Amino acid sequence: MKTTVFVARRRPGDHFDGAVRGAEQRERTPWFLAFLCLLIPCLPAFATLPGPLKSNGSPARMAAVMLFGLVVLGFLTVRRTTTHPTVNPGVVVMLLFFLLLTLVYGIGLLRTGDALVEANKTRAIITLVANVGVALYVLVRIESTRQRTIILGCLTVGLAFACSVGLLQSLTSIDLRFLFMPPGFVVNLDPEYLQFTERRGAVRVVGTSEHAIEFSVLAAVTVPMTIHFARYATRRSARWAAVATCGVALVSMPAAISRTGVLTLLACLLVYMFAFQVRQLVLAAVAGAAAIMGYAVAFPETLDALWRTITGSEQDDSILTRTADYAAVSQTFRENPVFGVGLGGAPPSAYQLLDNEWLRTIVQGGVVGLAAMILLTGGAIFGISAGLRRATSPRERDQAYMMGSVLVGILVSSTTFDLFFYQQATFVFFIVFGLLWSTFSVSVPEIDSPDRYDAERDISSPQADDSAR
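Each residue of the sequence shown is one higher than the one before, starting from 1 at the first, in the UniProt record's numbering.
Okay, here's the thing in structure tokens:
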């Protein structure tokens with residue numbers, strides 16, 4: 001008895017597999033990542049668990065380290081079911097960034113310092129794992145515009161709370177920094193740094209951040225995010241809430257009395273303006289001029305302090321201290337040009353905060369660390385192009401420009417701000433980096449082997465059809 005085997009084949013025009021796959025794999029809401037985006041701006045980074053972890057006891061940082069472990073576990077255990085292999089360039093950039101700085105850390109371990117320096121090395125590698133972990137998790141977890149919008153919405157809500165805290169600090173004596181601090185947590189910061197400082201006669205607000213500069217950066221990047229939701233939020237109430245939050249961010253940001261915040265806001269708007277038409281830009285310029293005049297009437301002392309801070313930079317103590325450190329940085333680079341002193345290996349007694357992440361990277365990582373920063377910066381810039389290429393609607397195009405403006409603004413702030421030393425601004429950068437690259441992938445060409453057996457080709461051949469008959 002002869003048995004005939006009938007083989008069902010999917011033709012290029014069939015959509016049955018796609019429909020079945022879509023029904024089986026329903027889109028899931030990234031609840032944990034959404035909660036993390038709410039937690040980062042709402043809970044101060046110095047509110048930590050009691051114990052020896054210090055700054056690494058922050059719930060947001062511990063969650064980010066756990067995300068790194070989940071990414072590694074998923075890579076080792078999850079089975080790949082895609083027909084054609086693809087690679088996400090954002091993942092490649094992030095892995096290379098991680099490997100370069102890990103190499104710097106490993107070389108730095110060969111140089112033994114005092115107990116404080118060795119502890120800083122451990123904290124530095126944990127911070128690196130947390131930053132890369134949250135970015136990689138976003139890259140592999142977020143697969144659709146809906147998921148990306150949810151994450152951006154939660155991040156905007158958290159930033160809205162931080163800006164509201166800053167506004168209350170500037171207008172009243174109410175301080176809500178520790179509103180969401182769980183019972184049993186401790187404040188891992190010296191009491192003197194918890195006090196509000198003054199500059200040019202005006203009090204500098206900090207919101208929920210560790211420093212006024214970090215708060216100004218967060219308030220500045222909140223502006224393009226709220227503008228996006230004011231234009232494209234699905235609900236009318238959400239659009240009006242975004243408009244109100246944008247106003248709160250614009251009012252609270254100058255109260256930090258920070259040049260870095262102004263530079264960040266200008267960089268964000270300079271990139272985001274390409275998503276608008278000329279008529280809209282003219283109206284925005286007129287509204288901005290009116291807003292500045294209104295702010296000058298309502299808060300003359302704050303605006304005067306900010307203006308004198310910008311124009312009087314030559315006599316500013318922070319600028320003079322920063323330029324005085326350049327000689328020490330140059331000497332350290334000549335002594336350790338390739339790998340620097342190691343990740344976290346800079347003695348705090350010799351190097352305080354340099355107010356420049358690039359100089360800090362040169363000290364700790366040398367040429368290799370600088371290459372890692374350039375790689376990360378290039379990845380952010382090319383990520384804007386990738387997001388625009390994948391945009392299929394005006395909303396997605398505006399979203400790509402918005403995320404690009406946030407990344408560019410934070411990168412600009414890194415030239416006058418120790419970016420990776422501060423947790424909130426750093427996490428915002430890496431989350432948005434992952435979101436911008438999350439829906440972009442490149443097909444990897446398959447290499448045909450002479451010994452490879454192609455079942456589909458054999459089935460579709462004329463000899464196979466004759467044998468079946």
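Think of the CB as a built atom: it goes at the ideal place given N, C-alpha and C, for glycine as much as any other residue.
Since the structure is predicted, the reported quantities are computational estimates derived from the model, not experimental observations.
In the DSSP assignment, GLY434 falls within the unbroken alpha helix (DSSP H) covering 423 to 437.
By the CB criterion at 9 Å, PHE68 and SER55 fall outside the cutoff.
Of the candidates THR149, THR311 and VAL223, THR149 places its Cα closest to the Cα of SER438. Partner residues in the beta bridge of GLU198, as assigned by DSSP, are VAL203.
One thing to note: PHE215 has its Cβ within 9 Å of the Cβ of SER252.
Taken through DSSP and simplified to helix, strand or coil, ALA45 comes out as coil. A direct Cα-Cα distance of roughly 35 Å separates THR309 from ILE151.
Exclusion of the five residues before and after VAL203 leaves PHE196 as the residues of its chain whose Cβ lies within less than 6 Å of its Cβ.
Shown here for THR377: same chain residues with a beta carbon closer than 7 Å to its own, the five before and five after excluded, namely LEU411 in chain order. For THR377, the enclosing alpha helix (DSSP H) has its first and last residue at 357 to 390. By the CB criterion at 9 Å, ASP418 and GLU357 fall inside the cutoff.
If one requires a minimum length of 4 residues, the alpha helix (DSSP H) runs lying completely within the stretch 30 to 107 are 31 to 42 and 59 to 77, in chain order. At the C-beta level, ALA220 and CYS246 stay beyond 9 Å of one another. Per the C-alpha coordinates, the member of GLY340, PRO348 and ALA371 positioned closest to GLY365 is GLY340. A direct Cα-Cα distance of roughly 15 Å separates LEU407 from THR156. With contacts defined as CB atoms closer than 9 Å, ILE257 and ALA291 fail to qualify as a contacting pair.
Per DSSP, HIS228 is one residue of the alpha helix (DSSP H) stretching across 212 to 232. In the structure shown, the three-state DSSP call for SER443 is strand. CA-to-CA, the gap between HIS211 and ILE174 works out to about 18 Å. Taking one beta carbon from each stretch, the stretch 95 to 110 and the stretch 27 to 46 have fewer than 3 pairs nearer than 8 Å; the two do not touch. The DSSP-derived three-state label of VAL187 is strand. Annotation for GLY133: ALA64, VAL65, LEU67, PHE68 and VAL71 place their beta carbon closer than 7 Å to its own, counting only its chain and skipping 5 residues before and after. Across the structure, GLY207 and ARG389 are spaced so that their CA atoms are roughly 37 Å apart.
In the DSSP assignment, VAL338 falls outside any alpha helix (DSSP H) and carries neither an H nor an E. Of the residues assessed, LEU179 falls on the exposed side of the cut-off, its CB having fewer than 16 other CB atoms within 10 angstroms. For ARG177, no alpha helix (DSSP H) run applies, since DSSP gives it neither H nor E. Spatial neighbours of PHE333 in its own chain (CB-CB distance under 8 Å, excluding positions within 5 residues in sequence) are listed in chain order as GLY340, ILE362, VAL363 and GLY366. With respect to the C-alpha of ILE431, the residue from VAL138, PHE97 and LEU354 having the closest C-alpha is VAL138.
Inter-residue distance for ALA160 and LEU435 is about 20 Å (C-alpha atoms, whole angstroms).
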